[in-house]
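So the structure is just underneath, and the comments pick up after that.
Numbering (UniProt numbering), first residue to last: 1 to 206.
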């Protein structure tokens, strides 16, 4: 599935083309796209051209997308550019593995260079198809990534970020050079990440 506003930067046309190739390989899963925006009609036309009206569903905007995410097998992210795509964190909070194109910032940091999800070279349609197909067909590999989602999201928890910031200040005041590990720009918004995780969990129990 995919959740985002519908505009050119989110690259939904390529996502639909990827799904069409997966269908030809025998994939039975449906593609759910949640969101609304300026490219809706264009995407609808492309879905019709490919004869995927029953399998690739444009669900529009949802105030609570998390039940859909919770029931998904994979979250597919094809954006051409991002800041911090919190939807990837939301997906992993729901226990759903991610396949994401490696745009300039965001997915690589959240997935820790592919440790916690599949990274695909930007616009590489064939690699995206191959990695998605492999996950859908290999239950052990899919389960392995599902189990890693909790570890991945813990890195964005308030406690983790708080401890990392404290350690950074200790190093600074000790006149030592700061050591950066898995954190990038996320430490500067610990409250945002905490609210994000709490919000997802709150919706899931509804």
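Even glycine gets a Cβ: it sits at the ideal position worked out from N, Cα and C.
Residue i, buried or exposed, once every other Cβ within 10 Å from all chains shown has been counted against 16
i: residue 118; result: buried
i: residue 155; result: buried
i: residue 167; result: exposed
i: residue 8; result: exposed
i: residue 106; result: buried
i: residue 115; result: exposed
i: residue 174; result: exposed
i: residue 184; result: Bear in mind that the predicted position of residue 184 carries a pLDDT of just 45, short of 50, making it unreliable; the figure below should be weighed with that in mind. Counting Cβ neighbours within 10 Å, residue 184 comes out exposed, since fewer than 16 surround it.
i: residue 65; result: buried
i: residue 48; result: exposed
i: residue 147; result: exposed
i: residue 150; result: exposed
i: residue 2; result: buried
i: residue 67; result: exposed
i: residue 126; result: exposed
i: residue 10; result: buried
Residue i versus residue j - alpha carbon distance
i: residue 6; j: residue 12; result: 7 Å
i: residue 60; j: residue 101; result: 23 Å
i: residue 99; j: residue 88; result: 9 Å
i: residue 27; j: residue 34; result: 20 Å
i: residue 32; j: residue 24; result: 18 Å
i: residue 139; j: residue 73; result: 10 Å
i: residue 113; j: residue 85; result: 15 Å
i: residue 80; j: residue 104; result: 8 Å
i: residue 95; j: residue 165; result: 27 Å
i: residue 179; j: residue 170; result: Confidence is the limiting factor: at residue 179 the pLDDT is only 47, short of 50, which leaves the residue's position unreliable, though a coordinate-based value still follows. Their Cα atoms are separated by approximately 11 Å.
i: residue 63; j: residue 37; result: 15 Å
i: residue 77; j: residue 91; result: 11 Å
i: residue 15; j: residue 51; result: 15 Å
i: residue 58; j: residue 70; result: 18 Å
i: residue 159; j: residue 153; result: 12 Å
i: residue 19; j: residue 30; result: 9 Å
i: residue 129; j: residue 53; result: 20 Å
Endpoints, alpha helix (DSSP H) assigned at residue i
i: residue 147; result: 139-154
i: residue 88; result: 86-93
i: residue 109; result: 107-110
i: residue 70; result: 66-70
Opening and closing residue of the beta strand (DSSP E) in which residue i lies
i: residue 100; result: 98-101
i: residue 27; result: Neither: residue 27 is in no beta strand (DSSP E) and is coded neither H nor E.
i: residue 33; result: 31-34
i: residue 43; result: Note, residue 43: premise wrong, no beta strand (DSSP E); alpha helix (DSSP H) at 40-49.
Residues that DSSP places opposite residue i in a beta bridge
i: residue 3; result: 34
i: residue 136; result: Per DSSP, none; premise fails for residue 136.
i: residue 118; result: 99
i: residue 60; result: 34
i: residue 75; result: 98
Chain C contact for residue i (CB, 8 Å cutoff)
i: residue 102; result: No chain C appears in the structure shown, which is made up of a single protein chain.
Residue i: CB within 7 Å of a non-hydrogen atom of the ligand NAP
i: residue 123; result: No copy of the ligand NAP occurs in the structure displayed, which carries no ligand at all.
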